[in-house]
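Numbers 987 to 1513, taken from the working numbering, label the letters of the sequence shown in order. Comments concern the structure below.
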Amino acid sequence: MASDTSQLPTQIRMLLCELVDAAFDTFLKRLLNRPAISVLPAELLCQIFSLLHFRDKIATSHVCKDWRAISLAAPSMLWSKIVARDFPLGSLRERLHRARTVPVQLDVTAGPTRVDELVECLHAHMSHIRFLNLGIGDDSDTTGELSVPQNEALSRALKCPAPMLTAFLFFNPVTAFIPTLGGPGIFSGHAPLLELVKYQGDELPTLFRYPAAFTSVRRILLSTSRWTLFSELSAVLPALPNLMELGIDVDEFDLFDEDLAMTFPLSLSRFVLISNTGSDDFDPTQIVRYVSQHAPQVTDVYISFEIITPLTPDYARELVTDAQHAFGPITSLAVLPSGSPEDFTSSVDLHLKTAAGHQRTVFHVPLPLFGWPDVFSNVVRLSVSENCWAPVISTVTAPMPCLQELEVWLDLQAVHPTFESVFVVPTSASGRHRTLSCPSLRVLQISSAPGLQISEVPPEVISDFIRFRLEFAEDRIERLLLRGPGLHESNPTEVARLLTLVDCVIVGDGVVPFVDPDRRDDLLCWD
């Protein structure tokens, strides 16, 4: 027995070696049986390319001959969207060459070092550029304005016809480039599909002096550092006969006589006012009143201030009541947090619609809304974010006699003993000042944003919300609509209790929200 025991460590080592060898053999077999990287589908290759920095994309296409063949055979998938900032010299030319003649989305920023290559590429490829986002500024290795020859060369490049161009974004905030377009103007007056223009710079009249290229433009956002509002817009608007949406980004502007008439396109239906200024002297109501007076065809007005410098309470109230006085009672109202729910602090976004169909959206309205009950008195449809319930409803001291449809957006996540997240509007009988008096209420809708991971809402949470937070004349609500979350039905008693408060429950994504809080209005954004 002693001799057998003495061999035991050796036997264990041998057994372990055999197990390791067997495991390694199995690993090698599985590895060899996996598909080679060269046979990955083109769709996966596109996903890989989308994660790479600009300078690495061309090198990645050289991984193997199969990948190179795929990359060269599928330009519309791999090379049609080009984002180039501080690009290596020669790489923009190579990328556009690979795109061949497919429609291209080109987003490029260039300064003195790289503008020569940009000019060459615009001359060669303007005919199939579909989207052009052009920024003129500093390179990482150079600063300052373009030289006179570069300035003239870029001006000539921008006179190339653009038969496929649908969107033109041009950023020249430091006036590094002074266009010398001359007749017949930008794109030689030939951009028949151009619908969206965003221009930031101080050479606005030069761009629009020869307007033939802008006759098809439907949407435009403009900004200069030195607005003389009347003269600037008076020079631009005649070039835009089919304009439907006008946006101006204003930090400061020269006051002008409101009696001076400006001719707005008859097709104009939407006006957007953006400001990043923190000055209390800035009066947005003057611009909005002027547009309302001289462009009565405008039915949709957006006013957006930076969240760090929200509107003053007086200006905010005037912007809302002005719409009410001009266009009639406000019948639809949405109250949503400014920014994300986590950043919600002291302001809200108000989306309102009048009985005549006019819409006005005022971003970053400071809370509280004391003294606003007249704004809510005619509202028929109210959409309110869960996070805004307490600060908004607590200021509505008068009943909302006309309210028939109420939508509450879930925007918070909380830990619950049973559920990962729940409808967290306070559900106790305390805090009666947060109760909404709505005697005509017929419909309650609970919606959640697509990114919010709420699969089900407990019926008792909804029941308590109806009992403690709503005061309505009838014994029951006609319809409970759930958009996004479902109803947790594991407790039949609680489901039955909920059904004593509502006539029917409709669950499904097909329920249309009153307002989409995730809607991204690209005319409010510069990129």
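Where is the CB? At the ideal position from N, CA and C, for every residue including glycine.
Unbroken alpha helix (DSSP H) runs of no fewer than 4 residues, entirely contained in the stretch 1094-1126, are found at 1101-1111, following chain order.
In this structure, the beta-carbon distance from L1427 to F1454 does not fall below 8 Å. W1395 is bridged by DSSP to S1371, S1433. Bounds of the beta strand (DSSP E) holding T1317 are 1316-1323.
If you draw a straight line from the Cα of P1159 to the Cα of E1460, it is about 59 Å long.
Taking C-beta atoms under 8 Å as the contact rule, P1178 and S1202 qualify, at a distance of about 6 Å. The shortest CA-to-CA distance from T1099 to any of N1119, D1093, H1083, F1073 is the one to F1073. Counting of Cβ neighbours within 10 angstroms places I998 among the exposed residues, the total staying below 16. Separation of the CB atoms of R1465 and I1492 is rounded to 6 Å, and the pair is thereby assigned contact status at 8 Å. Y1196: not part of any beta strand (DSSP E); DSSP gives it neither H nor E. Burial check for M1000: the Cβ neighbour count within 10 Å stays below 16, so the residue is exposed.
Cβ contact annotation for C1107 (same chain, cutoff 7 Å, sequence separation greater than five): L1078, R1079, L1082, in chain order. Among the bridge pairs identified by DSSP, Q1091 is matched with K1067, F1117. Going by C-alpha positions, L1259 is about 12 Å away from L1297. DSSP places S1141 in no beta strand (DSSP E) but in the uninterrupted alpha helix (DSSP H) bounded by 1134-1143. C-alpha of T1192 to C-alpha of Q1091: approximately 25 Å in a straight line. When DSSP states are grouped into helix, strand and coil, P1074 belongs to the coil group. The alpha carbon of L1355 has as its nearest neighbour, out of D1335, V1366, A1198, G1343, the alpha carbon of D1335. In chain order, L1108, P1165, L1167, I1172, F1173 place their CB closer than 8 Å to the CB of L1144, counting only its own chain and leaving out the 5 sequence neighbours on each side. Scanning L1207, F1200, D1102 for the CA closest to the CA of P1224 turns up F1200. Contact holds between the stretch 1308-1321 and the stretch 1337-1346, because three or more Cβ pairs, one in each stretch, are under 8 Å apart. Residue pairing by DSSP places H1337 opposite A1320, T1347 in a beta bridge. By the Cβ neighbour-count rule, S1433 is buried, with 16 or more other Cβ atoms within 10 Å of its own. For I1164, the secondary structure class from DSSP, reduced to helix, strand or coil, is coil.
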